[in-house]
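Here is the structure we will look at, set down as structure tokens.
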Amino acid sequence: MDFAKTVTYSPAYTLVPTYECFNRCSYCNFRADPGKSTWLTLTDAETQLRSLQHQGVIEILILSGEVHPHSDQRSLWVQHIYDLCELALSIGFLPHTNVGPLSLVEMERLKTVNVSMGLMVEQVTPTLLQTVHRHAPSKLPALRLQQLAQAGELQIPFTTGLLLGIGETEAERWQTLEAIAQSHQRWRHIQEVILQPYSPGDTEAWAGAAFSPQQLLETITLARRILPSDIVLQIPPNLVPRSHLSACLDAGARDLGGIGPHDEVNPAYPHPIDVELASDLSEAGWTLMPRLPIYPHYDAWLAQALKDAVERWRERIEGRRQKAEGRRVFGG
Ligand SMILES: O=c1nc2n(C[C@H](O)[C@H](O)[C@H](O)CO)c3cc(O)ccc3cc-2c(=O)[nH]1
Ligand SMILES: C[C@H]1O[C@@H](n2cnc3c(N)ncnc32)[C@H](O)[C@@H]1O
Ligand code: SF4
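Here the working numbering is used: position 18 in the sequence shown is 44, and no number is missing along the way.
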């Protein structure tokens with residue numbers, strides 16, 4: 027019998043179509059000014075992706091700076107994201123796109139080349155538009171919530187979350203969690219909620235204090251009380267001190283998100299290597315298991331070609347899981 031508690035992660039690699047962004051979130055260490063960052067070419071993307079084959083990577087996270095909705099570059103940018111997703115699929119990976127707010131037509135189109143998509147609500151607090159989001163029109167709370175509704179209407183398995191420690195109060199965190207819970211109650215499409223502790227980096231304008239691990243624990247407990255039980259809570263293991271990781275799991279987090287060679291958003295915080303993470307966690311009684319970027323109960327929402335690709339990965343991952351089980355049972 028296996029009584030081990032399990033925590034999941036997604037073996038992932040991040041492609042960045044462009045760092046250029048018309049927003050200037052003052053906590054961001056990722057963005058470049060519009061026109062100052064070249065776009066990732068399909069040739070370079072293909073070279074990167076081919077080198078990842080047979081390395082255990084499953085998910086390709088497409089993470090981008092944002093091109094203004096009225097820019098004459100906008101449709102080129104969306105087409106480029108589409109092409110990158112299609113390329114990743116053709117090489118055998120499963121794309122998950124998080125590139126900021128999308129129009130209904132844009133989102134509907136990207137649904138055909140993604141197994142899931144995501145967008146952080148950040149916080150619903152309107153006063154942040156006078157502080158960290160003063161120059162970030164795409165962080166308007168109503169716009170971000172409308173994106174959750176749109177994804178629900180389109181039946182897209184969705185990842186969202188809160189950025190913690192950007193000037194919100196505890197009551198405002200509660201409001202953000204309530205808003206996500208309400209959207210999920212209507213469409214049942216939120217597969218996971220990321221609780222992302224703000225972590226200072228080297229290039230941002232703001233340089234606030236890191237969100238404390240103690241407050242993160244309290245937020246996990248709060249989130250577990252507010253969110254429906256079918257939503258998985260995700261925490262990034264590179265932004266949580268090792269000493270607090272198992273307490274986060276005890277409080278209700280069950281997923282560690284995409285783990286890859288480089289965290290593009292928080293480059294100052296390298297991801298722990300999965301084998302080291304697994305051994306740390308096993309000391310605390312937790313088994314680390316890989317997962318796909320789409321949770322099984324959403325497979326029915328996919329078009330046939332995507333469903334087939336996911337099915338192939340489910341079989342492979344089940345094989346890996348059984349091998350790991352065998353090693354534990356037989357000590358091999
Ligand atoms: O490595 C990272 N992965 C991030 N991911 C990846 C995420 O952990 C996985 O792509 C999902 O769990 C799907 O498997 C995000 C995905 C989203 O949909 C929204 C926000 C994020 C944020 C990050 C991030 O800051 N760093
Ligand atoms: C992709 C996601 O990364 C998060 N993000 C952006 N900057 C930071 C930072 N300094 N620390 C932690 N998370 C950050 C935001 O929540 C964004 O939506
Ligand atoms: S967090 Fe996203 S929207 Fe904000 S500046 Fe950075 S890339 Fe742009």
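Where a beta carbon is used, it is the ideal one built from N, C-alpha and C, also for glycine.
Does DSSP put residue i in a helix, in a strand, or in coil?
{"i": "P121", "result": "strand"}
{"i": "R346", "result": "helix"}
{"i": "K62", "result": "coil"}
{"i": "Y324", "result": "helix"}
{"i": "S209", "result": "helix"}
{"i": "P223", "result": "strand"}
{"i": "D306", "result": "helix"}
{"i": "L78", "result": "coil"}
{"i": "H106", "result": "helix"}
{"i": "R10", "result": "Residue 10 falls outside the range modelled here, since the chain spans only 27 to 358, and no answer is possible."}
{"i": "L128", "result": "coil"}
{"i": "Y187", "result": "This sequence places Gly at residue 187; Tyr is not what is there. G187 falls in the strand class under three-state DSSP."}
{"i": "E290", "result": "coil"}
{"i": "E196", "result": "helix"}
{"i": "R214", "result": "coil"}
{"i": "R57", "result": "coil"}
{"i": "E134", "result": "helix"}
{"i": "E72", "result": "helix"}
Just to confirm my understanding: we take residue i, look at its own chain, exclude 5 residues before and 5 after, and list those with CB closer than 6 Å. What are they?
{"i": "V291", "result": "F56"}
{"i": "I220", "result": "G187 and Q260"}
{"i": "D306", "result": "none"}
{"i": "E194", "result": "Q149 and T151"}
{"i": "A58", "result": "Y45 and E46"}
{"i": "V83", "result": "P37 and Y39"}
Please list the terminal residues of the continuous alpha helix (DSSP H) segment that includes residue i.
{"i": "G178", "result": "P167 to E179"}
{"i": "S36", "result": "Where S36 is concerned, there is no enclosing alpha helix (DSSP H), although the beta strand (DSSP E) it sits in stretches over K31 to L41."}
{"i": "I246", "result": "P239 to I252"}
{"i": "L271", "result": "R268 to A277"}
If you measure from the CB of residue i, is any heavy atom of ligand 1 nearer than 6 Å?
{"i": "G278", "result": "no"}
{"i": "S225", "result": "no"}
{"i": "E132", "result": "no"}
{"i": "M315", "result": "no"}
{"i": "G283", "result": "yes"}
{"i": "H122", "result": "yes"}
{"i": "E309", "result": "no"}
{"i": "G144", "result": "yes"}
{"i": "P319", "result": "yes"}
{"i": "T185", "result": "yes"}
{"i": "E179", "result": "no"}
{"i": "S36", "result": "yes"}
{"i": "L87", "result": "yes"}
Say yes only if the C-beta of residue i is nearer than 6 Å to one or more non-hydrogen atoms of ligand 2, and no if none qualify.
{"i": "W291", "result": "Rather than Trp, the amino acid found at residue 291 in this sequence is Val. Yes."}
{"i": "L128", "result": "no"}
{"i": "Q208", "result": "no"}
{"i": "L166", "result": "no"}
{"i": "Q222", "result": "yes"}
{"i": "L171", "result": "no"}
{"i": "L110", "result": "no"}
{"i": "L189", "result": "yes"}
Which stretch, first to last residue, makes up the beta strand (DSSP E) that contains residue i?
{"i": "Q260", "result": "V258 to Q260"}
{"i": "M143", "result": "S142 to G144"}
{"i": "L314", "result": "W312 to P316"}
{"i": "I88", "result": "E85 to L89"}
{"i": "I285", "result": "D281 to I285"}
Leaving out five residues before and five after residue i in sequence, what residues of the same chain have Cβ atoms less than 7 Å from its Cβ?
{"i": "T123", "result": "I88, I107, C111, L136, N140 and M143"}
{"i": "K333", "result": "D325"}
{"i": "L303", "result": "P263 and L314"}
{"i": "A233", "result": "P226"}
{"i": "A329", "result": "T138"}
{"i": "I117", "result": "L75, R76 and Q79"}
{"i": "D98", "result": "none"}
{"i": "T229", "result": "N55"}
{"i": "A71", "result": "L41, L110 and L113"}
Tell me, please, whether the CB atom of residue i is closer than 7 Å to any CB atom in chain D?
{"i": "E230", "result": "Reference to chain D is not applicable here, since this structure consists of a single protein chain."}
Excluding the 5 residues preceding and the 5 following residue i in the sequence, name in chain order all residues of the same chain whose CB lies nearer than 8 Å to its CB.
{"i": "F184", "result": "S142, M143, G144, L145, L174, A177, G178, H215, I216 and Q217"}
Relative to ligand 3, what is the chain-ordered list of residues with a Cβ closer than 6 Å to any of its non-hydrogen atoms? Chain-ordered list of matching residues: C47, N49, R50, C51, C54, F56, R57, G91, E92, G126, A162 and S164.
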